[in-house]
Amino acid sequence: MADKTFDAVIVGGGNKALLLALYLIKYGGMSVGIFERRHEIGGCLATEELSAPGFRGNTHANIILPWYYAPIWRDFPQFWDYGAQWEQHPCSDGFVFKDKENCLAIYSEKHDPTWERTANEIARFSQKDAETWRKLYKISACDEYMRVLIDSLFLPAEDRISGAVEERKMMLFPALMEAGLVPDSLSMKANGMRAAQEWFESQELQSCILRFAVSSVIDINEPGYGMYTMGMALTLPTIGFNRGGTHQIAHAAHQILVQSGCQFFTNVEVKNAVIETGTATGIRLADGSEIAARKLVVSTLSPRQLIFDLIGEEHCDGALKKRVKLLDDTFGCLMWYSFAVHEAPRYKAEAFNPDIHECQWLGMQPDPDPIHIARECLYQKLHKFPPLEDYAPTVGCHSLVDPAFAPPGKHVVQNEQLGPPASAHSEKEWLEIKKRYADELIGIWQDYAPNMTWDNVIGVDTNTAFDHTRMRNLGINGTMAGVDRSPFQIEENRPTPELANHRTPIKNLYATGGAWHVGSNAGSTEAYNCYRIIAKDLGLAKPWEEPGKEEPDSLVEQLKITKQRVQTAARRQPD
Amino acid sequence: MAQTYDVIIIGSGPNGLAIAAYLSKAGQKVLLLERRFEAGGGLATEQVTIPDFYHNTHAVYMMMVDYAPVYKDFAFEARGVKHIYPDLQVAMPLADGRALSIYRDVERTCASIAEFSRKDAESYRDMQRHFEALMQNILGPQTYVPMEAAPLMAAKAEVTELGRALSEYTEKTPEEIVCELYEDEHVRTLMLYMACHWGLDYAQSGVSYMVPIYLNRMTNYRLTAGGSHRVSNVLLKSTFEQGGQIRTSAQIKRIIVDNGTAKGVELEDGTCFLANKAVVSTIDTHQTFLKYVGEDELDRDFVDMIKIWQWEKWSLCVLHLAMSEPPRFKAAELQPDLNNAFIYVLGYESLADLKGHWDAMSEGELPARAGFNGCFPSVHDPYQAPPGRATALLSQMAPFDLKDGGAERWLKHKHREETAERQIAILQRYAPNLTRDKVLWTYLTTPADIQNKFANMVKGSYKQGAYHPLQMGYLRPNQDCSQYRTPVKNLYLGGASVAPGGMVLFGPGYNCANAIAEDFGIEKWWTEPEYITAARENGYV
Chain Y
22 MADKTFDAVI VGGGNKALLL ALYLIKYGGM SVGIFERRHE IGGCLATEEL SAPGFRGNTH
82 ANIILPWYYA PIWRDFPQFW DYGAQWEQHP CSDGFVFKDK ENCLAIYSEK HDPTWERTAN
142 EIARFSQKDA ETWRKLYKIS ACDEYMRVLI DSLFLPAEDR ISGAVEERKM MLFPALMEAG
202 LVPDSLSMKA NGMRAAQEWF ESQELQSCIL RFAVSSVIDI NEPGYGMYTM GMALTLPTIG
262 FNRGGTHQIA HAAHQILVQS GCQFFTNVEV KNAVIETGTA TGIRLADGSE IAARKLVVST
322 LSPRQLIFDL IGEEHCDGAL KKRVKLLDDT FGCLMWYSFA VHEAPRYKAE AFNPDIHECQ
382 WLGMQPDPDP IHIARECLYQ KLHKFPPLED YAPTVGCHSL VDPAFAPPGK HVVQNEQLGP
442 PASAHSEKEW LEIKKRYADE LIGIWQDYAP NMTWDNVIGV DTNTAFDHTR MRNLGINGTM
502 AGVDRSPFQI EENRPTPELA NHRTPIKNLY ATGGAWHVGS NAGSTEAYNC YRIIAKDLGL
562 AKPWEEPGKE EPDSLVEQLK ITKQRVQTAA RRQPD
Chain S
298 MAQTYDVIII GSGPNGLAIA AYLSKAGQKV LLLERRFEAG GGLATEQVTI PDFYHNTHAV
358 YMMMVDYAPV YKDFAFEARG VKHIYPDLQV AMPLADGRAL SIYRDVERTC ASIAEFSRKD
418 AESYRDMQRH FEALMQNILG PQTYVPMEAA PLMAAKAEVT ELGRALSEYT EKTPEEIVCE
478 LYEDEHVRTL MLYMACHWGL DYAQSGVSYM VPIYLNRMTN YRLTAGGSHR VSNVLLKSTF
538 EQGGQIRTSA QIKRIIVDNG TAKGVELEDG TCFLANKAVV STIDTHQTFL KYVGEDELDR
598 DFVDMIKIWQ WEKWSLCVLH LAMSEPPRFK AAELQPDLNN AFIYVLGYES LADLKGHWDA
658 MSEGELPARA GFNGCFPSVH DPYQAPPGRA TALLSQMAPF DLKDGGAERW LKHKHREETA
718 ERQIAILQRY APNLTRDKVL WTYLTTPADI QNKFANMVKG SYKQGAYHPL QMGYLRPNQD
778 CSQYRTPVKN LYLGGASVAP GGMVLFGPGY NCANAIAEDF GIEKWWTEPE YITAARENGY
838 V
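Chains Y and S, in that order, are what the protein sequence lines are.
Just so you know, we're using our numbering here: the first sequence kicks off at 22 and counts up by one.
Just so you know, we're using our numbering here: the second sequence kicks off at 298 and counts up by one.
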């Protein structure tokens, strides 16, 4: 006899769980119960005041791209008002270089809708690259590109193999031809480092693109990322964040969900799924109670947790178990600190371009050669830190653009760099590394921004991969992508071919999470694609079949609306 | 296009949430506006150290779980939110290895006090009996009914024996009350600390009716299982379930006042929200009236009254620790249950130590020897730390404006590290097993941090303002606003700066919700608790 019963039971209350629940309730017509181990929901949609009270740091997800919530904004208009509000800095990306005290500023689309200002900045290093950049703009702005982009994101693997999808890829070809940017077999098979060198000639621009690739959990030494590298370049001007902090996104979903009758259970550990003759009928909690699921159970756990804890080895065949065991999950382990400071960093490079201060994703490197980033990846693969001269951290100061992030007159700065996986060191070692790295970072930072001394610091959130294990689904290594995004662990292979379409060996047990496609980001693709599969299997209502919501066009439209929204913060007047 | 609600509530701390929960369940369309990115205000639980350690970064000791109507009215237990009520409520270990122990049980406490003074043990028994009667009949009920005008209250007080006793206490200072009741140095120290540490001036008469409250509450502290934030979650969820809404990370620009009537709220980003019925502010009076209403909309005299509002004389410096093991107090060698106390008072070996701490703070100083209270929540609620490990919070009274360097000094990295080490060293004197290597990580929140985190806690005033006789009771925040209505029509006050005051009481929120319901003819789904009805019938309130 179950203690509680729902139509759908969701294990885990993070990003993917919340967004999927929205669809199960509104379009699936289901009652939903969400079970979360931690004291709060939201998972990696997290913001905390760990550097010092009153200073907001996004402890996990931070970068938000305008497509992340396209379906959610389309289908749940209050999602924006309730807190999922996209925003951009004046510069979305950039790099400062110590040797010449210069910098490359990539302006955000909000402040540079035609990418022309950026082209002019790039021209200071390479005219040829500036022209390539203008061509990239044309591609990014065309509907054909946006359709192909949306197809690649918001369709589960089995639906990406379709005539219509292939046709839309072909329709992009002329635009690529016109831009002279058609990839050949070399550039497609190249690693990021080589691909960036193929497309661009200035090391400054190469570094910007490659640094962002690493932030997308791509090892730039690994072959097969030619097209991804171009995609990275196209993405740079669209880098943004969520107003008020990433956690606001969780609040937005949570509010809609509770208003719609969803029930939440936090501080609750799930032990396993209840499986009867190969079908999931519910879950069992650590305290022994049972929750019945009339229609389905959804796991948002890691693949390992799913197979070995939730389902149990005995229900899975040897091949699947082996694949899940062999999953790589040691890249994408980050040093992701936040510093509460009296003054925002003042970069020497401001003489070259004063806008560089308000750059959301600013790399710092001794010289423009992206070899530093390549070495960082190599060392990370060995689970080591690179030598100090190869440190290429990325930093950004949200409070300059969104004062809500810090108390009046103060600031909070975040920094990212690859670090060892959590399991590479003992707890004792980590507690020392956390402090040591803060010292190293301040030391390096001063070379670029002399005011970044310890006197300028109020407090530090030393947020490492060790700390990221607070989210159990990030595994023993605390990798931000759940599982690596190596060439054989992406797209239709993510996390494994057997699991990529969100189905599991157990009937009525579905799975999604950060280890599914696309992965390593705060977006809604994993949740939406999971709903697509569930809706197909269970015959549920499909928003994408409603008039006006055909895809990819309705999502392309939403993408444009989102970008427009940020351009014009309309003042609303009382009646 | 503005969105319209029945009631707009500024601030989603305990009081704002209570108002939203009561009124939304009464069928009102409510909107909460919260500046922070998290609702709950002081009802916060955060992972501020390392994974799997949960810390209650603000409110910890829940003092009115037995009295506040909110707990029953929203069926907290049925929603899975329980409170833990440890037997040994307060312990004061001493350097000589002895300890004073205050239990829920009066006799066990008397036995502990008797080891210091037989006379004091007897006095304690009488005191608790008397204070329990005062709490049950007058002080508890008074928290959840509106204040009456001072002369009326004084008249009522004269009519009953309990009322007269309360008036007598009010005319004394806390120090006088404590020293009349007790003779032993350590007993006096502990009692005076427990009576005053929340914000009473030990040498000031006029609000000493709070002494019976705090000494009665001394044996009534609870811990929220799973963390303090669970309390705010219940109220927020209930609000959502009833169709209420919240906007977090919302920065207010102004309260829209038209012809002397509050009509709604405008945010900095231009968004406007309109209120058909009421706008409630649960934040401090300076932000409410001077910033958001604007002096132009108010009488000169009223503005002056607002401007003379006193912030609190001291705030808190709280150190949170993630530890590899729980404390083993030296004093537990003689008394094993001492490791299970809820609240520890550490570092005050004499009354002079304690008074010295207060006196120094009025000069902007914090003595190196200053004591604090400590709590190890995971000892009582294993959820809050990994198995075998422990959380700790060390809460020290501290001035906001430091003589040397002002409030800014609290934000100097070096000073913060030194403060943390100093507090740990004091803890180690009483619990020597907690060598420095056992402290895995620390997180400090100082008076300046409190102001940085909660804009309404000016100068770290976590009750939104001093507990001074001229701004308590019927005068909190002033005679024009202490009954929740303000000179601006349809603008209400419902936070800690209105009677009965701060801490997690839910008093202002409950009373304000009642006031709004009465003023707008909203049918109440909630009924008055029996103990309040009884107090009315007996002429106490």
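Here a beta-carbon is modelled for each residue, glycine too, at the ideal position from N, C-alpha and C.
Note that the structure is predicted; figures quoted are calculated from it, not measured.
- Within 10 angstroms of the beta-carbon of residue 505 of chain S lie 16 or more other beta-carbons, which makes it buried.
- Of all alpha-carbon atoms in Y:577, Y:555, Y:578, the one lying nearest the alpha-carbon of residue 51 of chain Y is that of Y:555.
- Residue contact with chain Y for residue 526 of chain S: present (Cβ-Cβ distance below 8 Å to some residue of chain Y).
- Neighbourhood of residue 345 of chain S in chain Y, by CB distance below 7 Å: 71, in chain order.
- Annotation: residue 559 of chain S is outside any alpha helix (DSSP H); the continuous beta strand (DSSP E) that includes it extends over 558-564.
- Each residue's CA atom was taken as its position, placing residue 216 of chain Y and residue 202 of chain Y some 12 Å apart.
- Collapsing the DSSP output to three states places residue 329 of chain Y in a helix.
- For residue 475 of chain Y, the chain S residues whose Cβ falls inside 7 Å of its Cβ are 710, in order along the chain.
- The contact set of residue 425 of chain Y on chain S, defined by CB atoms closer than 7 Å, consists of 546, 548 in chain order.
- Contact with chain Y is found for residue 351 of chain S, since one of that chain's Cβ atoms lies less than 8 Å from the residue's Cβ.
- Rounded to whole angstroms, residue 256 of chain Y and residue 417 of chain Y show a C-alpha spacing of 17 Å.
- Around the Cβ of residue 824 of chain S, a 10 Å sphere holds fewer than 16 other Cβ atoms; the residue is exposed.
- Counting only Cβ-Cβ distances below 8 Å, residue 713 of chain S has contacts in chain Y at 479, 480, in chain order.
- Interface flag for residue 24 of chain Y against chain S is unset, since no Cβ pair is found closer than 8 Å.
- In the displayed model, residue 132 of chain Y falls within coil according to three-state DSSP, outside both helix and strand.
- For residue 693 of chain S, no CB of chain Y lies under 8 Å from its own CB, so it is not counted at the interface with that chain.
- Within the stretch 248-270 of chain Y, 264, 265, 266, 268, 269 place their CB atoms closer than 8 Å to a CB of chain S, listed in sequence order.
- Within the DSSP secondary-structure output, residue 694 of chain S pairs in a beta bridge with S:613.
- Here residue 121 of chain Y is exposed, its C-beta having fewer than 16 other C-beta atoms within 10 Å.
- Counted as a single uninterrupted DSSP element, the stretch harbouring residue 138 of chain Y is not any beta strand (DSSP E) but the alpha helix (DSSP H) occupying residues 137-144.
- Look at residue 276 of chain Y: its C-beta is under 8 Å from a C-beta on chain S.
- Of all residues in the stretch 528-541 of chain S, only 534, 537, 538, 540 come within less than 7 Å of chain Y when Cβ atoms are compared, listed by chain position.
- Residue 74 of chain Y belongs to the set of residues whose beta carbon lies under 8 Å from a beta carbon in chain S.
- Among the residues facing chain S, residue 60 of chain Y is included, as its CB has a counterpart in that chain under 8 Å away.
- Within its own chain, the residues whose Cβ lies closer than 6 Å to the Cβ of residue 396 of chain Y, once the five positions on either side in sequence are excluded, are 407, 411, listed in chain order.
- A straight-line Cα-Cα distance of about 13 Å links residue 303 of chain S and residue 810 of chain S.
- For the alpha helix (DSSP H) assignment, the uninterrupted runs of no fewer than 4 residues enclosed by the stretch 263-309 of chain Y are, from N- to C-terminal side, 268-280.
- Residues of the stretch 323-336 of chain S with a C-beta atom less than 9 Å from some C-beta of chain Y are 332, 333, 334, 335, 336, listed in chain order.
- Residue state for residue 718 of chain S is assigned as helix, using DSSP reduced to three classes.
- Going by beta carbons, residue 330 of chain S and residue 519 of chain S fall outside the 8 Å limit.
- When beta bridges are read from the DSSP output, residue 738 of chain S appears opposite S:619.
- Annotation: the stretch 768-824 of chain S contains the following complete segments of the alpha helix (DSSP H) (minimum length 4 residues), in chain order: 804-816.
- A direct Cα-Cα distance of roughly 10 Å separates residue 568 of chain S from residue 102 of chain Y.
- According to DSSP, residue 31 of chain Y shares a beta bridge with Y:55, Y:319.
- Put simply, the CB of residue 488 of chain Y is near chain S, with a gap under 8 Å to one of its CB atoms.
- In the DSSP assignment, residue 106 of chain Y falls outside any beta strand (DSSP E) and carries neither an H nor an E.
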